[in-house]
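Visitor: My questions will all concern the structure given below.
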Amino acid sequence: MPEKVHLTEEKATLLATLYGRALDARSPSPILGDELAADVIGRIDHDFRKTGITARTAPAVALRARFMDRWAAEFLAARPGATVLHLGCGLDTRFHRLTPAPTVRWYDVDYPEVVELRRRLFPEPPPGYTMIGSSVTELTWLDQVPADRPVLVVAEGLFYYLDPGEGRALLRAIVERFPSGQFVFDALNRLGLRLQKLNRPVQKAGATLHWSIEGPADLAAIHPKLRCLDATSAFDIDGFDRLSTPHRLVTRIVELVPGMKRTAVFYRLEF
Numbered sequence: 080m081p082e083k084v085h086l087t088e089e090k091a092t093l094l095a096t097l098y099g100r101a102l103d104a105r106s107p108s109p110i111l112g113d114e115l116a117a118d119v120i121g122r123i124d125h126d127f128r129k130t131g132i133t134a135r136t137a138p139a140v141a142l143r144a145r146f147m148d149r150w151a152a153e154f155l156a157a158r159p160g161a162t163v164l165h166l167g168c169g170l171d172t173r174f175h176r177l178t179p180a181p182t183v184r185w186y187d188v189d190y191p192e193v194v195e196l197r198r199r200l201f202p203e204p205p206p207g208y209t210m211i212g213s214s215v216t217e218l219t220w221l222d223q224v225p226a227d228r229p230v231l232v233v234a235e236g237l238f239y240y241l242d243p244g245e246g247r248a249l250l251r252a253i254v255e256r257f258p259s260g261q262f263v264f265d266a267l268n269r270l271g272l273r274l275q276k277l278n279r280p281v282q283k284a285g286a287t288l289h290w291s292i293e294g295p296a297d298l299a300a301i302h303p304k305l306r307c308l309d310a311t312s313a314f315d316i317d318g319f320d321r322l323s324t325p326h327r328l329v330t331r332i333v334e335l336v337p338g339m340k341r342t343a344v345f346y347r348l349e350f
């Protein structure tokens, strides 16, 4: 029997991104090809039209996921014995897409009700994969993770929903706990946060965004060990030619307006 899902605010956005990846997988020419997302969608009793995602907007969801997958894969290729903290994992299938080496310890972390939903919808996890049901900002969950390896922290579509003080405390706690590692995430600056009022999935979910990041200096100030390796505008990632005409038009406008390209940025930090 299909699983009924009732989520609100930022938790509800996980249905939008899942649906976006599923629509991409079903398209004639997929960007991400997330077949598991398409399978999971079929086992959920929900009117996904209410998420605000359509076949025209789904490629943007797939492009973001593919870009972050590439950074994550680069880290794991160089450190096959690492620990991965996938924060705010929602119903993302990143573990299944990347198929990390058996030597990797992988932790998917999200609210308890989201983790329980994952347990009901996803295949039985293999050894080395663990789910932790907790708000990512309740830092006691870190006690469940051994601190003896380099760590990769992946946070897609998460940090801007966090309270700024709690978000910075989360980064500091991870830097101080592990010997070395990287953070891979996307962020919005103040203008980017304001523009999310026009984002239909955010509108539909009734979600509120809180934490803006103006640039690498904001992040370096969180902890002296943090160093910015990459800060790539979301408008500069490859594949924008695959987006709908309105999306491409927005990209052309952004190119002409000073500062607009930095409204949404992918960051890769090292410590």
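With the first letter of the sequence shown counted as 1, position 213 gets the number 292 in the numbering used here; the numbers rise by one all the way through. Using N, Cα and C, we set each Cβ at its ideal position, and we do this for glycine too. Only a predicted model underlies this, so the values are computations on that prediction, with no experimental measurement involved.
Mind pulling the beta strand (DSSP E) runs of 3 or more residues that sit fully within the segment 238-286?
Guide: You should have 260-267.
Visitor: Can residue 163 and residue 231 be called in contact, C-beta distance under 8 Å?
Guide: Cβ distance < 8 Å, so residue 163 and residue 231 count as in contact.
Visitor: At a cut of 8 Å, does the segment 163-172 reach the segment 124-138 through at least three beta carbon pairs?
Guide: Output reads no: the segment 124-138 does not touch the segment 163-172.
Visitor: Helix or strand or just coil, what does DSSP make of residue 336?
Guide: Coil.
Visitor: Whole angstroms is fine: what's the gap from residue 289's alpha carbon to residue 237's?
Guide: About 11 Å.
Visitor: Go through its chain and collect everything with a Cβ distance to residue 274's Cβ below 7 Å, but skip five positions before and after it.
Guide: Cβ within range, chain order: 342.
Visitor: Of the choices 197, 105 and 234, whose alpha-carbon is the least far from that of residue 84?
Guide: If we check each option's Cα against that of residue 84, 197 comes out closest.
Visitor: Determine, using beta carbons only, whether residue 233 and residue 194 come nearer to each other than 8 Å.
Guide: No, they are not a contact pair.
Visitor: Rounded C-beta distance between residue 105 and residue 140? I'm assuming under 8 Å.
Guide: Not a contact, Cβ separation roughly 13 Å.
Visitor: Skipping 5 residues on each side, what residues in its chain have a beta carbon closer than 7 Å to that of residue 283?
Guide: So the qualifying residues of the chain are 129, 130 and 131.
Visitor: By the three-class DSSP mapping on this structure, what secondary structure does residue 96 have?
Guide: It is helical.
Visitor: Opposite residue 300 in the DSSP bridges: which residues?
Guide: Partner(s): none; residue 300 has no beta bridge.
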